[in-house]
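K.L.:
Chains as they are written, first to last, in my numbering: chain A, 9 to 368; chain B, 9 to 368.
Note that CB positions come from ideal geometry on N, CA and C, so glycine has one too.
Just so you know, these numbers come straight off a predicted model, no measurement behind them.
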């Protein structure tokens, strides 16, 4: 879809690949703007199915189902970056797919992503390509210990990662991440983790939300706080980095850039997520426009909004059995409770979140 | 459903009678809390159908469809008060219906409603029962002119009303409202119109939103502003009136009380709407909990939230062709745009609304 794409009508149909809570919240945001949504997901228990105009439950390789899906929608987007490239390419031949599937090739591969960011003159942790176990020792030689071995593809929430410390067995680490193509990253002694949610429209306009500070537990996001405890200078630099990445990609939609803040205030890009992001959930309650709505606006060819934040915001994920405590949050004054409608509680599963906005 | 009703699980199914924008926004709020919705509406173009887990398009008198609907849902509620009493009664024999359908008998009839409010010692405009045209002259004798003749049933947005001024022809007025049972109300020289959105939970707890000031155009709500320009005393009194009405009804859910503010600060109840209300749409963006979510919480047997308002709020309805101007609002910083997904634009039809929150 080019930048001159015609804007959709307010009752057009948006196709969404993926039916998890991100797809669900995208569909809810689309509905607020008058759009219908068609959700495509291989999982029959998809939370997004409950709020969609139409659903397709089929495998991402089912070309007949994809054909019917493409014929029913005016534009396609996705809730997560691990949609098979063939699926996105198949659809893009039939209907506009936003953001451009070509970007997935970069963001699905940690090595390509690091090279892309690095080439923009933006800081990243020192890294080395580890194509096979034999290359690991040489990489350690260059990067030093401690370091983190990460699979190039399909990692999330700490999956596909192994720490390499002073006495670590290299071959064991290689096996731990699944004996596949990896990169080795220097361990960065960061002071805090932050993220920037940026949106870029068809017209090239970029709007960033305020920098969010993120606290992880067992590699899963637990709490996000806005604004992050950063100098105005560092916060501006973080936003500038996200904006540069969005522009250089020719990106349309919402992307998240995760950054490490070093002791001296320096910033290193940790990861890019070419989609709405858990650390942006606070925007549903704490701002005049949410990350989900910005993404839908971009995908529809509508103008972005300049977000106005309503106060200091804190978002807490409800993970696994924590969700059973929801009544406590329901009764908490000013707490906005979001539950994803997942009947099965599993450890580590994101079941909902709670946002509190402090206007004092 | 008694006050000891067991709270629903977060993935239970809520049945909603009516598929307009109110049903749509109720369904969106229910989804945020993890519920599934089943919408029942006779209108195939129902905006709420687009965001529902399941839909039934059937007449309110179709007992087979109602039977299947009742079997599929855990609780039933409605988006508007003109659901046929027989429909509500039929369903209530099969599944909990909230709020209690008995309340509809009062609020569907302007005469019964006025008597109910009056009996609580709450002020209303002087009124007289006009069962037939012959009684109109006597009623005018008692109430005086100017006055307003209103049908007892099925009036909304100024429909079913005729002004009776100095020279008005009484029989013409009677015919204008459809020659049916009416009440005559004294014309009240009010200074402003306000409303209170109140929620009452199964546990008897009541939470009122801040008093809203409403501006009508051609008898249709055009702008709501919060807070209303009232003394703290009058605002408290307005909330107390709404709370008293909710308690005396034994009401569960959200109701709206429209009031006239007189020059001396006195308050008269104009109308009760036993449902979410257009003048409460600002709560979607301007408060930590919306009227739609409060209603769903009450219906589900969940605790209400004590709402926190994020600032001064202004909500503007997009009526008829005004919606075509939506791109102007989309680009307005801080403006939250809601479009109801109605493809057909008709004069006087509510197509969407825009909310602005001012945190200064």
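Does DSSP put residue 149 of chain B in a helix, in a strand, or in coil?
P.N.:
Of the three classes helix, strand and coil, the one that applies to residue 149 of chain B here is helix, per DSSP.
K.L.:
Could you please tell me which residues of the segment 332-350 of chain B, in chain order, have their CB closer than 9 Å to any CB of chain A?
P.N.:
The segment 332-350 of chain B vs chain A, Cβ under 9 Å: 334, 335, 338, 339, 340, 341, 342, 343, 344, 345, 346, 347, 348, 349, 350.
K.L.:
Measure the C-alpha to C-alpha separation of residue 46 of chain A and residue 35 of chain A and round it to an integer number of angstroms.
P.N.:
If I take the Cα positions, the gap works out to 9 Å.
K.L.:
Taking CB distances under 7 Å as the criterion, tell me whether residue 311 of chain B reaches chain A.
P.N.:
Interface residue, yes.
K.L.:
Out of A/220, A/258, A/239, which one is the CA nearest neighbour of residue 211 of chain A?
P.N.:
Nearest of A/220, A/258, A/239 to residue 211 of chain A, Cα basis: A/258.
K.L.:
Counting C-beta neighbours from all protein chains within 10 Å, is the total for residue 224 of chain B 16 or more, i.e. buried, or is it exposed?
P.N.:
The residue is exposed, with fewer than 16 neighbouring Cβ atoms inside 10 Å.
K.L.:
Residue 279 of chain B by DSSP, collapsed to three states: which one?
P.N.:
In the structure shown, residue 279 of chain B sits in a strand (DSSP, three-state: E or B).
K.L.:
On a CA-only basis, which of A/318, A/82, A/330 is nearest residue 372 of chain A? Give me that one, please.
P.N.:
Past the boundaries of the shown model lies residue 372 of chain A; chain A is included only from 9 to 368, so the question cannot be answered.
K.L.:
Could you name the residues of the same chain whose beta carbon sits closer than 6 Å to that of residue 367 of chain A, not counting the 5 residues immediately before and after it, in chain order?
P.N.:
Excluding positions up to five away in sequence, the list reads 319.
K.L.:
By Cβ distance, which residues of its chain are closer than 6 Å to residue 386 of chain A, with the 5 residues on each side in sequence left out?
P.N.:
With chain A covering only 9 through 368, there is no way to say anything about residue 386 of chain A.
K.L.:
Does the beta-carbon distance from residue 299 of chain B to residue 316 of chain B come in below 7 Å?
P.N.:
Not closer than 7 Å, so no.
K.L.:
Measuring alpha carbon to alpha carbon, tell me which of B/276, B/62, B/274, B/250 ends up nearest residue 265 of chain B.
P.N.:
Per the Cα distances, B/250.
K.L.:
Could you check which residue in B/80, B/43, B/238 has the C-alpha nearest to that of residue 272 of chain B?
P.N.:
Ranking the options by Cα distance to residue 272 of chain B, first place goes to B/238.
K.L.:
Below 8 Å, how does it come out for the segment 286-301 of chain A and the segment 326-339 of chain A: are there three or more Cβ pairs, yes or no?
P.N.:
No, they do not touch.
K.L.:
For the beta strand (DSSP E) that contains residue 192 of chain A, what are its first and last residues?
P.N.:
It spans 190-194 - the beta strand (DSSP E) in which residue 192 of chain A sits, taken as one unbroken run.
K.L.:
Would you verify that the beta carbon of residue 232 of chain A is, or is not, closer than 7 Å to some beta carbon of chain B?
P.N.:
Judged by the 7 Å Cβ criterion, residue 232 of chain A is not in contact with chain B.
K.L.:
How far does the beta strand (DSSP E) with residue 135 of chain A in it reach, from first residue to last?
P.N.:
From DSSP, the beta strand (DSSP E) with residue 135 of chain A extends over 135-138.
K.L.:
Evaluate residue 97 of chain A with the Cβ neighbour count: other Cβ atoms within 10 Å of its Cβ, from every protein chain shown; 16 or more gives buried, anything less gives exposed.
P.N.:
Result: exposed.
K.L.:
Within the chosen definition, does the segment 62-71 of chain A reach the segment 216-223 of chain A through at least 3 CB pairs nearer than 8 Å?
P.N.:
They do not touch, by the three-pair rule.
K.L.:
Give a yes or no on whether the C-beta atoms belonging to residue 267 of chain B and residue 206 of chain B are separated by under 7 Å.
P.N.:
For residue 267 of chain B and residue 206 of chain B, no; Cβs fall outside 7 Å.
K.L.:
Return helix, strand or coil for residue 343 of chain A, following the three-state DSSP convention.
P.N.:
Reduced to three states, the DSSP call for residue 343 of chain A is strand.
K.L.:
Could you check if residue 149 of chain B is buried or exposed, using at least 16 other CB atoms within 10 Å of its CB as the buried criterion?
P.N.:
Classification of residue 149 of chain B: exposed, given that the 10 Å Cβ count is below 16.
K.L.:
Could you please tell me which residues of the segment 267-282 of chain B, in chain order, have their CB closer than 7 Å to any CB of chain A?
P.N.:
Those residues of the segment 267-282 of chain B that come within reach of chain A (Cβ to Cβ, closer than 7 Å) do not exist; the list is empty.
K.L.:
For residue 304 of chain B, name the three-state secondary structure that DSSP assigns.
P.N.:
In this structure, residue 304 of chain B counts as helix in the three-state DSSP scheme.
K.L.:
Quick one: Cα of residue 275 of chain B to Cα of residue 131 of chain B, how far?
P.N.:
Taking the straight line from one Cα to the other gives about 7 Å.
K.L.:
Please state if the CB of residue 73 of chain A and the CB of residue 99 of chain A are separated by a distance shorter than 7 Å.
P.N.:
The answer is no: Cβ separation not under 7 Å.
K.L.:
Figure out for me which residue from A/289, A/293, A/253 has the closest Cα to the Cα of residue 278 of chain A.
P.N.:
It is A/253 whose Cα lies nearest to the Cα of residue 278 of chain A.
K.L.:
To which residues does DSSP link residue 351 of chain A through a beta bridge?
P.N.:
DSSP output for residue 351 of chain A lists no bridge partner at all.
K.L.:
What would DSSP say about residue 129 of chain B, mapped onto helix, strand or coil?
P.N.:
Coil, per DSSP.
K.L.:
Please list, in chain order, the residues of the segment 49-81 of chain B that have any C-beta partner in chain A closer than 7 Å.
P.N.:
Going along the segment 49-81 of chain B in chain order, one finds 58, 59, 61 with a Cβ nearer than 7 Å to chain A.
K.L.:
Starting from the C-beta of residue 82 of chain A, find all residues in its chain whose C-beta is less than 6 Å away, skip the five residues before and the five after it, and write them out in chain order.
P.N.:
Same-chain partners within the cutoff: 16, 20, 21.
K.L.:
What span of residues does the alpha helix (DSSP H) with residue 266 of chain B cover, start to end?
P.N.:
Residue 266 of chain B -> not in any alpha helix (DSSP H); beta strand (DSSP E) instead, spanning 261-269.
K.L.:
Indicate whether the contact test is met: 3 or more Cβ pairs, each with one atom in the segment 280-294 of chain A and one in the segment 347-360 of chain B, closer than 8 Å.
P.N.:
Output reads no: the segment 347-360 of chain B does not touch the segment 280-294 of chain A.
K.L.:
Check residue 9 of chain B in the structure and name its three-state DSSP category.
P.N.:
Legend: pLDDT at residue 9 of chain B = 38, less than 50; position of this residue unreliable, no value from coordinates given.
K.L.:
Nearest-angstrom Cα distance between residue 86 of chain B and residue 31 of chain B?
P.N.:
C-alpha separation (whole angstroms): 8 Å.
K.L.:
Would residue 159 of chain A and residue 188 of chain A be called neighbours here (beta carbons separated by less than 7 Å)?
P.N.:
Yes, the Cβ-Cβ distance between residue 159 of chain A and residue 188 of chain A is below 7 Å.
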